[in-house]
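Residue 23 in the UniProt record's numbering sits at position 23 of the sequence shown, with consecutive numbering throughout.
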Amino acid sequence: MPVRVADGLHWDVLCLFEETKQGLVRAAGRRVESVGVDSWGVDYALLDRDGVLVSNPYHYRDTRTAGMMEEAGRRVPREEIYRITGIQFIPLNTLYQLLAMEGSPLLDAADRLLMIPDLFAYWLCGERCCERTAASTTQLYAAEGGWAWDLIRRMRLPERLFGEVVEPGTALGGLRPELREDTGLRGAGVTAVATHDTASAVAAVPARGQNFAYVSSGTWSLVGVETERPVISEEGLRYNFTNEGGFGGKNRLLKNVMGLWLLQECRRVWAREGREYEYGELARLAAEAPPFGPLVDPDWEGFLLPGDMPGRIRRFCERTGQRPPEGVGEVVRCVLESLALKYRWVIERAERVSGLRAETVHVVGGGARNELLCRLTAEATRRPVVAGPDEATVLGNVLVQAYAAGMVGSLEELREVVRASIPVRVYEPEEAEEGWDEAYGRLSELVGVASGELAEGGLV
């Protein structure tokens, strides 16, 4: 969870690193050859010339990036930014976080930028470098490889911040001596895995070939297809698709969908009101609620920040001419049906942009355990849904370490290990139900509703 202090939302990285160390202590006494760190993308740490943390890293949901996408567009045209980086325009990107720091003494004091997993790897072994899959989320990394130096200069960002970039599967070195002493892991090395958690998760998708879509489902849902090279086009820009690095030289063509964050925030608000719900109970209430009720666009920017999510959902529905959901079950049903339909919206456009046909949808991550969401996704997309593994990020992390150690030789072999090791559940779409096409039409109309119009109604 983020920590809110006077200047905004931050990550408590010292606490997170201490918990990481305690995890390593628990592994003492076992044969541990390698440690790999992955985390969410876009957030970063700044170090001074001595390698000391300048300040606690900001959280991507902090509001300081308001207006920064527009400022970036004044410095470099939006179309050119996309042509160079292939990255979607979303306020939380590293580019806009850094622009928000312009003139800050913290930025003046900084000598090197490390993404969050790179920071932890540095604290573990002393190597200061950025891993490619995490660097690719910054909107400052060129789609064809390497830092986008011309873009960095034109954005007036300090070039000194951007150091060496390494490939996933790179051995970085052994644990620092003090960590070997503290943890008892004297022989372990540190490996740069696919450090963006979605890159690790997609590496562990138990698919064959290319004709599949994936939904890495958790707080965010990352929905897309895997391609051999970045796919950068006017159509990709129009739909705001992103091209991020993947393991094995692959490209992840995807969109961020707000994901189960909506449900997590609803649950937090209900708990604060004295109504504690387990996720299983919420799924039961949603299953009992009538289908094809009100819908929301999960990606409306008003849902990005913490707050009264049930109230925002109701107000979104009111402002878009829908009957607001009543009761907990209807709110949850609204969220889950909206997510399933938005997955269909993204997958169809990913096919159009890439030229691929996604015959199967692989759902990995925590959302693979949500049976109702998986079933609704199969019905909404009219495709089989393969659910699992739910710990895909962990598996991808470990198997890239195995690749670095020479135990597996390719992405295809890695996925074969997953298929042979982890059971999955398949949800087949039932006979087409008329209500899905009508609901999809309504969802499609909601996508692209002007944020300004909704904000005027006090949704935020």
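Yeah, the Cβ is synthetic: ideal placement off N, Cα and C, and Gly gets one too. Nothing here was measured: the structure is a model prediction, and the numbers come from that model.
- In this structure the region 388–399 does not lie against the region 268–287, because fewer than three pairs of beta carbons, one per stretch, are closer than 8 Å.
- Judged by beta-carbon spacing, Pro117 lies beyond the 7 Å limit of Ala100, meaning their Cβ atoms are not closer than that value.
- A distance below 7 Å separates the beta carbons of Leu98 and Leu157.
- 7 Å or more divides the Cβ of Ala368 from the Cβ of Ala340.
- Approximately 12 Å separates the beta-carbon atoms of Leu253 and Ser136; this is outside 8 Å, ruling out the contact.
- Nearest C-alpha to Gly145 among Pro324, Thr320, Glu276, Gly246: Gly246.
- The beta carbons of Val223 and Val215 sit about 5 Å from each other, so the pair counts as a contact at 8 Å.
- Taking a 10 Å sphere around the C-beta of Arg112, we find 16 or more other C-beta atoms and assign the residue as buried.
- The residue from Tyr58, Val426, Ala171 with its alpha-carbon nearest to that of Val361 is Val426.
- When DSSP states are grouped into helix, strand and coil, Leu237 belongs to the helix group.
- The region 112–145 contains, as complete alpha helix (DSSP H) runs of 4+ residues, the segments 116–125, 132–135 (chain order).
- When only Cα atoms are considered, Glu434 and Pro324 end up about 22 Å apart.
- Distance between Leu172 and Met115, taken at the CA atoms: about 15 Å.
- If you draw a 10 Å sphere on the C-beta of Leu262, you find 16 or more other C-beta atoms in it, and that means buried.
- Residue range 261–272 is occupied by the alpha helix (DSSP H) that includes Val269.
- When Cβ pairs closer than 8 Å are counted between the two stretches, the region 226–236 is seen not to touch the region 400–410, the count staying below three.
- Phe212 and Thr198 have their alpha carbons spaced roughly 16 Å apart.
- Just so you know, the alpha carbons of Glu178 and Tyr122 end up roughly 13 Å apart.
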